[in-house]
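Q: In case it helps, our numbering puts the sequence shown at residues 12 to 254. Every residue gets a Cβ at the ideal spot worked out from N, C-alpha and C, and that includes glycine. One structure is given below, represented as C-alpha cells, and several questions about it will come after.
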Amino acid sequence: VIGLSKLGPIIKTAVNTYGPKMTKTEVRVDDVGISLFAGQAKLKDFYLGNPKGFNSPQAMSVKAIYVDVDEKSITGNPIIIDRIEVVAPEINYEKARRTDNFKTISDNVKKSARKSTSSTSTEKSSKDGAGKKLVIKNFIIRDGNVNMAMSTQGGPSLSASASLPDIHLKNVGEKSGGATAEEVFNIIFAELYSKIVSPAVTATLNKELKTLVSRVPIEDEEAKKTVEKTVNETVKGLFGGKK
12 VIGLSKLGPI IKTAVNTYGP KMTKTEVRVD DVGISLFAGQ AKLKDFYLGN
62 PKGFNSPQAM SVKAIYVDVD EKSITGNPII IDRIEVVAPE INYEKARRTD
112 NFKTISDNVK KSARKSTSST STEKSSKDGA GKKLVIKNFI IRDGNVNMAM
162 STQGGPSLSA SASLPDIHLK NVGEKSGGAT AEEVFNIIFA ELYSKIVSPA
212 VTATLNKELK TLVSRVPIED EEAKKTVEKT VNETVKGLFG GKK
C-alpha cells in the first residue's frame with residue numbers, strides 16, 4: 012500500500028523529468044490518479060512537444076493513459092507492469108527540412124537508449140548491478156488519430172487526418188530480464204513511428220490532400236497549378252524521407 016501510494020508522484024516526476032531528456036522536447040503529464048486496491052494509475056493530459064524547427068505546438072497529446080502495475084513487483088527489480096493503455100492519442104505529423112517531427116524525436120530517443128545501455132554495462136561491470144528496470148506485459152495504443160497540415164505556395168493551408176492503426180506490444184523487456192526506461196521508450200516509439208508512416212495512414216492522407224486541392228477556390232489558373240504542384244511533390248514522398 013505504501014509503495015502504491017507513492018506511485019503517483021513517482022510516475023509524474025519520471026515523465027516530467029526524464030521525458031524531456033529522452034526526447035529533447037517538452038514532455039509533461041498534468042496529473043496521475045492512483046487506485047490503491049486495483050493497483051492502477053491513470054495519467055491525465057499527457058503532452059509531447061515538438062522539436063525545434065517545427066511549427067505545430069505539439070507532436071502528441073493524450074487525455075488518458077491507464078497503467079496496471081503488479082503491486083508485488085514495486086519493491087523488486089524489474090518492476091512488472093501488466094498493462095499500459097494509451098487511449099485516443101492526437102498526433103500532429105509535420106515535415107520540414109527533409110525530415111519530420113517524429114523522425115527527429117525518434118532519433119533523439121535512440122541516442123538516449125544507446126547512452127543508457129552503455130552506462131548500464133559500465134555500472135554492471137563496476138557494481139555488479141544496475142538501476143530499476145521494467146517489463147511491460149501489454150502496451151496498447153488505440154483509437155488514435157494522425158493529423159497533418161501543410162502550407163501551399165499561392166494558396167491556403169491544407170490539413171488532413173487519418174486513423175492510426177492500433178498497437179499492441181507484448182512482454183517488452185522480458186527477454187533481457189527487464190529494460191531501462193530509455194530502452195522501453197525506444198521500442199515503443201519505434202513501433203509508433205512505423206504506424207504513423209504506414210501505407211494505411213499515408214494513403215488516407217494523400218487522398219484527402221489531393222481532394223482538398225481539387226476544391227481550392229483559386230480563380231487564377233497558374234496559382235492553382237502551383238498549389239497542385241506543391242501538394243503533389245509533398246505527398247509523393249510524404250513519409251520515410253522519400254523524394
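Only counting runs of 3 or more residues, tell me where the beta strand (DSSP E) segments fall wholly within the segment 82-155, in order along the chain.
A: 90-98, 101-104, 145-153, all fully within the segment 82-155.
Q: Could you work out which residue in 41, 145, 68 is closest to residue 102 when comparing CA atoms only?
A: Residue 102 has its Cα closest to that of 68, out of 41, 145, 68.
Q: Can we say the segment 58-75 touches the segment 85-92, given the rule of at least three CB pairs closer than 8 Å?
A: Segments in contact, no.
Q: Assign residue 174 to buried or exposed, taking buried as 16 or more other Cβ atoms, counted over all protein chains shown, within 10 Å of its Cβ.
A: Exposed, since its Cβ has fewer than 16 Cβ neighbours within 10 Å.
Q: Return helix, strand or coil for residue 60, following the three-state DSSP convention.
A: Strand at residue 60.
Q: In whole angstroms, what is the alpha-carbon distance linking residue 210 and residue 25?
A: Going by the C-alpha atoms only, they are around 34 Å apart.
Q: My output table needs one value for residue 209: the three-state DSSP class, helix, strand or coil.
A: Residue 209 falls in the coil class under three-state DSSP.
Q: Look up residue 79 in the DSSP assignment and give the residues it is bridged to.
A: Residue 79 is bridged to 51, 94.
Q: Assign residue 95 to one of two classes, buried (16 or more other C-beta atoms within 10 Å of its C-beta) or exposed (fewer than that).
A: It counts as buried.
Q: Using the Cβ count rule (16 or more neighbours within 10 Å means buried), how would you classify residue 171?
A: It counts as buried.
Q: Can you check whether the CB of residue 148 is closer than 8 Å to the CB of residue 182?
A: Contact flag set, yes.
Q: Would you mind working out which of 177, 190, 217 sits nearest residue 205, comparing C-alpha positions?
A: That would be 177, whose Cα lies nearest to the Cα of residue 205.
Q: Taking the alpha-carbon positions, what's the residue 199 to residue 236 distance?
A: Each residue's Cα considered, the two are about 41 Å apart.
Q: Output needed for residue 256: all residues of its chain with C-beta closer than 8 Å, excluding positions within five of it in sequence on either side, in chain order.
A: Here the chain has residues from 12 to 254 only, and residue 256 is not among them.
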